[in-house]
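Reading through the structure tokens given below for one structure.
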Amino acid sequence: MAGLLVAGTSSDAGKSLITAGLCRAWARQGVRVAPFKAQNMSNNSMVCPDGSEIGRAQYLQAIAAGVEPSSIHNPVLLKPGTDRRAFIVLRGQPGGTLEAGEYVGGRTRLAEAAYAAFAELEAGYDLVVAEGAGSPAEINLRAGDYVNFGLARRFGLPVLLVGDIDRGGLLASLFGHWAIVDDADRATLAGYLVNKFRGDQSVLDPGLEEVTRRTGLHCFGVLPWLDEVWLDSEDALAFAKWPRLPGRAGTLRVAAIRFPRISNATDLDALAAEPGLDVFATASP
Numbered sequence: 003m004a005g006l007l008v009a010g011t012s013s014d015a016g017k018s019l020i021t022a023g024l025c026r027a028w029a030r031q032g033v034r035v036a037p038f039k040a041q042n043m044s045n046n047s048m049v050c051p052d053g054s055e056i057g058r059a060q061y062l063q064a065i066a067a068g069v070e071p072s073s074i075h076n077p078v079l080l081k082p083g084t085d086r087r088a089f090i091v092l093r094g095q096p097g098g099t100l101e102a103g104e105y106v107g108g109r110t111r112l113a114e115a116a117y118a119a120f121a122e123l124e125a126g127y128d129l130v131v132a133e134g135a136g137s138p139a140e141i142n143l144r145a146g147d148y149v150n151f152g153l154a155r156r157f158g159l160p161v162l163l164v165g166d167i168d169r170g171g172l173l174a175s176l177f178g179h180w181a182i183v184d185d186a187d188r189a190t191l192a193g194y195l196v197n198k199f200r201g202d203q204s205v206l207d208p209g210l211e212e213v214t215r216r217t218g219l220h221c222f223g224v225l226p227w228l229d230e231v232w233l234d235s236e237d238a239l240a241f242a243k244w245p246r247l248p249g250r251a252g253t254l255r256v257a258a259i260r261f262p263r264i265s266n267a268t269d270l271d272a273l274a275a276e277p278g279l280d281v282f283a284t285a286s287p
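Residues in the sequence shown are numbered from 3 upward in steps of one, following this note's numbering.
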């Protein structure tokens with residue numbers, strides 16, 4: 003059995019899409035592959051055929067891999083209720099609440115559930131492609147981590163670090179991730195991937211060469227910005243980032259109210275895809 007962890011320098015770096023793409027590519031080659039994310043924090047979820055609830059990204063990734071989505075692909079789902087409390091969905095079913103102050107110390111049972119799910123996938127598939135959460139270099143959360151480096155070290159997974167160049171500061175972020183983590187975590191890093199690039203790559207290449215020289219990390223490639231990519235979002239940061247599709251800048255503007263604890267806002271995607279409508283998010287009249 004083999005495995006891989008796709009981590010990111012930030013939320014919304016493109017981990018979910020890259021994980022889905024890798025699952026589909028390996029599945030097409032005849033590899034029995036399964037997606038995995040130990041923990042999601044999102045109010046955007048999907049109900050699996052068996053009635054369990056998981057993050058939307060893992061549902062899509064399972065379809066890409068050619069397997070039926072189930073709670074094993076996302077054993078822990080945290081659904082924010084307030085700024086300091088989240089509702090726990092454990093193996094697809096209600097599992098109580100988690101206070102912000104318990105985030106590091108109170109997650110033993112969540113970690114155990116996540117590790118058990120990964121071990122089950124590991125035993126049943128040729129390859130498990132795991133997606134990390136947020137950034138793996140949040141050293142204040144490292145002690146209780148079971149999603150990023152914690153998962154990688156537990157199961158001996160190489161880590162592919164995805165960087166979002168569209169945000170700016172990519173080179174510093176790549177180097178910073180390598181520099182700030184401890185030696186054991188650093189040893190799991192197999193290399194990095196640049197995502198959402200637009201422009202002349204020859205301008206970027208000297209910077210990537212310098213990052214590789216300083217860190218020894220291999221650059222696995224530069225992926226372009228894709229306007230046509232429109233997948234269900236699991237991250238609140240990506241809420242209402244509807245692309246400007248051809249023919250969409252039309253006659254009718256539709257305002258979607260950005261409620262503080264909105265869930266499954268991706269239901270609006272179908273409306274936003276309608277030609278002639280301009281759908282946008284607003285927090286005020």
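Note that the Cβ used here is the ideal one computed from N, Cα and C, for glycine as well.
State the start and end residues of the unbroken alpha helix (DSSP H) segment that holds residue i.
i	result
T214	Q203 to T217
K17	K17 to R30
T284	Careful: T284 lies outside any alpha helix (DSSP H), inside the beta strand (DSSP E) at L279 to T284.
L126	Reading off the sequence shown, one finds Gly at residue 126, where the question assumed Leu. T110 to G126 is the extent of the alpha helix (DSSP H) around G126.
A186	D185 to R188
With DSSP as the reference, identify every bridge partner of residue i, one or two as the case may be.
i	result
E55	V49
Y194	L163 and C221
E101	R87
G158	Per DSSP, none; premise fails for G158.
N42	L79
L270	Its beta-bridge partners do not exist; DSSP assigns none.
Q298	An answer regarding residue 298 cannot be provided, because it is not within the stretch 3 to 287 covered by the chain.
V35	L129
Identify the continuous beta strand (DSSP E) that holds residue i and give its terminal residues.
i	result
R200	Unbroken run through R200: none, as it is neither H nor E.
E133	L129 to E133
L80	V78 to P82
A145	It is not in any beta strand (DSSP E) - A145 carries neither H nor E in the DSSP assignment.
R255	L254 to I259
G171	Segment: none, G171 is in no beta strand (DSSP E) and carries neither H nor E.
L228	Counting along the chain, L228 falls outside any beta strand (DSSP E), and DSSP gives it neither H nor E.
V8	A4 to G10
Residue i to residue j, Cα distance in whole Å?
i	j	result
I20	F89	28 Å
C200	L24	Reading the sequence as shown, one finds Arg at residue 200 and not Cys. For R200 and L24, the distance between alpha carbons rounds to 22 Å.
A274	T217	43 Å
K198	S18	13 Å
L143	G136	11 Å
G249	I74	Residue confidence is low: G249 scores 49 on pLDDT, short of 50, so the model does not pin down where it sits. No coordinate-derived value is stated.
G170	Y194	16 Å
S286	V256	14 Å
S13	A36	22 Å
A9	V161	7 Å
L239	S44	Below a pLDDT of 50, predicted positions are generally treated as unreliable, and L239, at 49, falls in that range; no measurement from the model is reported.
C221	E101	39 Å
R86	T99	10 Å
W28	G53	27 Å
R109	E276	43 Å
I167	L228	13 Å
D187	A64	28 Å
A258	P51	30 Å
G146	Y117	13 Å
G178	A154	19 Å
T190	V91	29 Å
F120	R111	14 Å
Apart from the five residues on each side of it in sequence, which residues of its chain come closer than 6 Å, Cβ to Cβ, to residue i?
i	result
P82	A88
N76	K39, N42, I56, G57 and Q60
A4	L129
R34	Y127 and D128
L270	A258
G94	S54, E55 and S73
Beta-carbon within less than 7 Å of residue i's beta-carbon, same chain only, minus the 5 sequence neighbours each way: which residues are those?
i	result
A113	Y148
G134	L7, V8, A9, G10, K17, V149 and N150
L173	G209 and V213
R156	Y117
N68	According to the sequence as given, residue 68 is Gly; it is not Asn. Within the same chain, G68 has close Cβ partners A29.
I182	A139 and I141
Which same chain residues, not among the five before or five after residue i, have their C-beta less than 8 Å away from its C-beta?
i	result
Q203	V224
Does the beta carbon of residue i sit closer than 7 Å to a beta carbon anywhere in chain C?
i	result
D128	Chain labels in this structure do not include chain C; a single protein chain is all it has.
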